[in-house]
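Following: one structure in structure tokens, then a few remarks.
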């Protein structure tokens, strides 16, 4: 899902970017690479200011409408600094990060409140989803990556079973500022939740700096505040899973967030039979449906619920979404069938 591009300019897609960089998720070496800022007069009182950056394994774009282009640019610069700071805490790709240290040593003490908040939220979604959302699938993801790179084939049943012994959120023990693994070889990934959390915090920072109209798009995880300029809603395009140039739906949103999980995003194999959304109880890619888009009050919830509903499958996923107040969803099963909740598209 994307903000509809202005003037027909096509933004780089998440899948295209991942293909170019060879990355899969949160916090690669691309974090913090700035791109030029653009500012244009929107009306008599507001400037439209756009600022972009490569980070979190994707392309991040911010748009703000503000009377002062200098103040907007400064606020957005601080918001990007916050994105970089939080990413450096939670990436699994750097041994110096808190999550990297946890995965390497099996324990973490004195963790920042932001890291603990995301870990606790992850366990909450694990509980309410009855295990469908599980951040301990990291060993399975690594196994598939290594198997296809080495053999161009999925892992053997024996290797999969041995790795499954290290998967399960029941192996996580947490206190106020510490977390440890109860079994050797357990690893976590925050890829299904941290990106949403991070752009939520960036939007909070923009609001604290008196930015009343803003959008942040981090590779399809989108959070908006205050409408577009003169309090008109933002138009968010839901991407066609089979045609990157088309949208299957358009959502209008004044404030809130939308996130999408889909089988078209990342594959382990060239034939695109094995995607990255793993069933925690089986260690295999979830049965393939096209995509799940979630509209929620904040991006962290939208991010986590989109992943969860996808893993559950269309029918269970739809029933799961209906449990949450203020949450709407669109599930695209295939080219002919899609399911949407009763409030979908309401802003």
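Residue numbers (the working numbering): 18 to 364. Virtual Cβ for every residue (Gly too), placed ideally from N, Cα, C. Predicted model only: the values in this text are computed from it and were never measured.
Exposed or buried, which one is residue i when buried takes at least 16 other CB atoms within 10 Å?
i, result
"residue 259", "exposed"
"residue 303", "buried"
"residue 354", "exposed"
For residue i and residue j, what's the separation of their Cα atoms in angstroms?
i, j, result
"residue 150", "residue 234", "23 Å"
"residue 252", "residue 73", "24 Å"
"residue 47", "residue 100", "Here the model assigns residue 47 a pLDDT of 37, short of 50, so the residue's position is not dependable, and the following value carries that caveat. Rounded to whole angstroms, residue 47 to residue 100 spans 12 Å at the Cα level."
"residue 262", "residue 196", "44 Å"
"residue 240", "residue 175", "42 Å"
"residue 332", "residue 309", "12 Å"
"residue 286", "residue 91", "Summary for residue 286: the model assigns pLDDT 44, below 50, so the residue's position carries little reliability, and this model does not support an answer."
"residue 265", "residue 255", "6 Å"
"residue 276", "residue 89", "25 Å"
"residue 190", "residue 312", "31 Å"
"residue 329", "residue 87", "46 Å"
"residue 305", "residue 336", "18 Å"
"residue 171", "residue 84", "55 Å"
"residue 204", "residue 120", "5 Å"
"residue 111", "residue 98", "18 Å"
"residue 267", "residue 192", "42 Å"
"residue 334", "residue 117", "31 Å"
"residue 181", "residue 164", "15 Å"
"residue 194", "residue 341", "28 Å"
"residue 15", "residue 269", "Not covered by the structure: residue 15. The range shown for the chain is 18 to 364."
To the nearest whole angstrom, what separates the beta carbons of residue i and residue j, a pair I think is in contact under 8 Å?
i, j, result
"residue 248", "residue 316", "Not confirmed; about 21 Å, so no contact."
"residue 202", "residue 183", "4 Å"
"residue 188", "residue 198", "5 Å"
"residue 278", "residue 243", "Not a contact, Cβ separation roughly 27 Å."
"residue 177", "residue 94", "Not quite, the Cβ-Cβ distance comes to about 46 Å (not below 8 Å), so this is no contact."
For residue i versus residue j, is the C-beta spacing smaller than 7 Å?
i, j, result
"residue 75", "residue 236", "yes"
"residue 295", "residue 206", "no"
"residue 231", "residue 274", "no"
"residue 246", "residue 103", "no"
"residue 297", "residue 148", "yes"
"residue 438", "residue 69", "Look at the range of the chain in this structure, 18 to 364, and you will see that residue 438 is not part of it."
"residue 338", "residue 307", "no"
"residue 222", "residue 96", "yes"
Quick check: is any heavy atom of the ligand COA less than 6 Å from the C-beta of residue i?
i, result
"residue 330", "Looking at this structure, you won't find the ligand COA or any other ligand, since it has none at all."
Beta-carbon of residue i versus every beta-carbon of chain C: anything under 7 Å?
i, result
"residue 268", "Checking the listed chains, one finds no chain C in this structure; it contains a single protein chain."
So does the stretch 315-334 actually touch the stretch 140-150, counting three or more Cβ pairs closer than 8 Å?
yes
Does the structure place the stretch 153-166 close enough to the stretch 128-138 that three or more beta carbon pairs sit under 8 Å?
no
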